[in-house]
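Order-wise, the sequence lines are chains V and Y. Under our numbering, residue 122 is the last one in the first sequence; the count climbs by one each step, no gaps. Under our numbering, residue 164 is the last one in the second sequence; the count climbs by one each step, no gaps. We treat Cβ as the ideally placed atom computed from N, Cα and C, and that holds for glycine. The structure appears right after this line, and notes come after that.
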Amino acid sequence: AQTVTQSQPEMSVQEAETVTLSCTYDTSESDYYLFWYKQPPSRQMILVIRQEAYKQQNATENRFSVNFQKAAKSFSLKISDSQLGDAAMYFCAYRRGGGGADGLTFGKGTHLIIQP
Amino acid sequence: NAGVTQTPKFQVLKTGQSMTLQCAQDMNHNSMYWYRQDPGMGLRLIYYSASEGTTDKGEVPNGYNVSRLNKREFSLRLESAAPSQTSVYFCASSADRVGQPQHFGDGTRLSIL
């Protein structure tokens, strides 16, 4: 079974600074997808960024980027120019590749605090 | 475009009562999912459905049943609620194309006394 580990229960960063959230995963698959979801206090689950394992290029979405290290099974999220609205729980998630309706395997999350 | 809609948003039950959580999506997705989120945990998959008429167990299916009523709707039923089922429940859907992200509803906070 796949597992996803987020080793930082909580992180704090000053507004406008850069922060990196860590995620490691364990899988025997070679084809899979990785995601970062944001959960603000409103409880919504919001997709932040997505990475295909077969792509070597790291995904970016505006201020959000990932450092995907396939051999190390590491998938960290970098948030640049942190804003107060970035304060939330962040979850790393894994989905195996191939067809079918596979669910996501989530880490336990990292609580991100933005200091004004 | 509402996306994924869950009802109710909050519910309190007594131990032993039954309850059905409703979920509907308007994105024409074939795949739908039910997760639960407990304090200090990520979401865990309860059941999923690849298409109308099919359902499969996820990581934590015990104590739950599901029904894929049609393409739009996927319900989760607790036949005899237990305090251990106190949680926040999320419904999600995704398109069929491989690797497509899941779109989540706003969740149902369920407390069982």
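Item                                                                                                                                                                 : Value
Chain V beta carbons: is any one of them nearer than 9 Å to that of Y/L96?                                                                                           : yes
Check whether the Cβ of V/E58 lies closer than 9 Å to any Cβ atom in chain Y.                                                                                        : yes
Quick one: is Y/T106 buried, meaning 16 or more other Cβ sit within 10 Å of its Cβ, or exposed?                                                                      : buried
Please state the DSSP three-state secondary structure of Y/Q76.                                                                                                      : strand
Does any CB atom of chain V fall closer than 9 Å to the CB of Y/E110?                                                                                                : yes
What does the alpha-carbon distance come out to for the pair V/R69 and V/Y38?                                                                                        : 24 Å
With a threshold of 6 Å on Cβ separation, who are the neighbours of V/Y31 within its own chain once the five nearest residues in sequence on each side are excluded? : V10, K79, Y100
For a test of the three-state rule: what should DSSP assign to V/L90, helix, strand or coil?                                                                         : helix
Taking the beta carbon of V/I52 as the centre, do at least 16 other beta carbons fall within 10 Å, making it buried, or is it exposed?                               : exposed
Between V/P46 and the rest of its own chain, which residues show a CB-CB distance below 7 Å, the 5 nearest in sequence each way excluded?                            : A94
Report the rounded CA-to-CA distance for V/I119 versus V/N73, giving the unit in angstroms.                                                                          : 21 Å
In the stretch 18-48 of chain V, which residues sit with their C-beta less than 9 Å from some C-beta in chain Y, listed in chain order?                              : D37, Y38, Y39, F41, Y43, Q45, S48
Going by DSSP, name the residue or residues bridged to V/L53.                                                                                                        : V/Y43
Whose C-beta lies closer than 7 Å to the C-beta of Y/A75 among residues of the same chain, with five residues either side of it excluded?                            : T56, R123, E124
With a threshold of 9 Å between beta carbons, is V/L53 in contact with chain Y?                                                                                      : yes
Could you list which residues in chain V have their beta carbon closer than 9 Å to that of Y/A53, in chain order?                                                    : The premise fails here: Y/A53 is roughly 13 Å from chain V at the closest Cβ pair, so nothing lies under 9 Å.
Check each candidate in Y/S118, Y/P152, Y/M92, Y/H154 and name the one with the smallest Cα separation from V/F112.                                                  : Y/M92
Beta-carbon within less than 6 Å of V/E23's beta-carbon, same chain only, minus the 5 sequence neighbours each way: which residues are those?                        : S88
Ordered along the chain, which non-local residues of its own chain (more than five positions away) have a Cβ less than 7 Å from that of Y/G158?                      : Q57, V139, Y140, F141
What does V/R69 reach in chain Y if we use C-beta pairs closer than 7 Å?                                                                                             : Within 7 Å Cβ-Cβ: nothing; V/R69 doesn't reach chain Y, min ~19 Å.
Under the three-state reduction of DSSP, which class applies to V/S48: helix, strand or coil?                                                                        : coil
Cutting at 7 Å between CB atoms, please list the residues of its own chain near Y/E103, excluding the five before and the five after it.                             : R119, N121, K122
List, in order along the chain, the chain Y residues whose C-beta lies closer than 9 Å to that of V/K114?                                                            : G91, M92, G93
Got a sec: which bits of the stretch 144-162 of chain Y sit with their beta carbon under 7 Å from any beta carbon on chain V, in order along the chain?              : V149, G150, P152, Q153, F155, D157, G158
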